[in-house]
Amino acid sequence: WGYRSMTTVKGLFTAGDGVGASGHKFSSGSHAEGRIAAKGMVKFVLDNKDWTPELDTPVEELVEEIYKPVRNFLEHKDYTTAIDVNPHYITPKMLQFRLQKIMDEYVGGVATWYRTNAKMMEVAEAKLEMLKEDAEKMRAKDLHELLRAWENYHRILAAEAHMKHIQFREESRYPGFYYRMDFNFIDDENWKCFVNSVYDKKTKKWTVFKRAHVDLVDKSQSYNN
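Using my numbering, you'd call the opening residue of the sequence shown number 160 and step up by one each time.
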């Protein structure tokens, strides 16, 4: 149905948590998906040599956005004698710890034995909004931290999407991955479907919806070895 690992956005490829399905992807599988996606990218580039997509944002604005963590550091690094302790910025590592803690404790992580419910995810939503505000104050003292800062921006979006899908799917289909304790059952009648979402970058709102599940193989047939 097109190039392997390409999203519904032409030319945009993804792997790992970005692919969807289970939100508990392991690094080994994500690495393999990354290699597969890279091969799909190469094929796409070779097949579309004349394609010239245009940016919808002025280059100057993108440069300002990309290097904001560097400016945060340069403008405030002399405020304290210890550059890692500063009220004007947060390090990418510390922000990542905060994101991990939110997802672990409120969105069905190991801390709660993979259990969550609607109220816990309401708390997670509020904490993610606060984290996004604080992420504007991430610092980057070098290129490695700049990479980590942008990795965190993307992690927050992936985490928010994961939470929105669990919030929308009012059932428990993945034993050992997460339980909705307020809907602790499998509901095939209403939920034998795919859950997809769209993020509007202008309004910063998510739209979550169902897509029909169609068996490629008739599972009603029994097979004997």
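All residues carry an ideal CB built from backbone N, CA and C; glycine is no exception.
Problem set entry | Cα-Cα separation between W272 and M340, rounded to whole angstroms | 11 angstroms
Problem set entry | Neighbourhood of A317 by C-beta distance below 6 angstroms, restricted to the same chain and skipping five residues each side | D176
Exercise. What are the boundary residues of the beta strand (DSSP E) that includes K364?
Worked result: K364 to A371
For this session: Rounded to whole angstroms, what's the CA-CA distance from E329 to A308? Just pull it up for me.
Result: 33 angstroms
Exercise. In its own chain, which residues sit with a C-beta less than 8 angstroms from the C-beta of F353, not counting the 5 before and 5 after it?
Worked result: K369, R370, A371 and H372
Exercise. Going along the chain, which residues of its own chain have a beta-carbon closer than 6 angstroms to the beta-carbon of E264, five neighbours each way excluded?
Worked result: A270
Exercise. Hey, how far is the Cα of H235 from the Cα of L290?
Worked result: 20 angstroms
For this session: Going by DSSP, name the residue or residues bridged to N355.
Result: F368
Exercise. Whole-angstrom Cβ separation of M297 and P228, contact assumed at under 8 angstroms?
Worked result: 5 angstroms
Exercise. What residues are listed by DSSP as bridge partners for F172?
Worked result: M165
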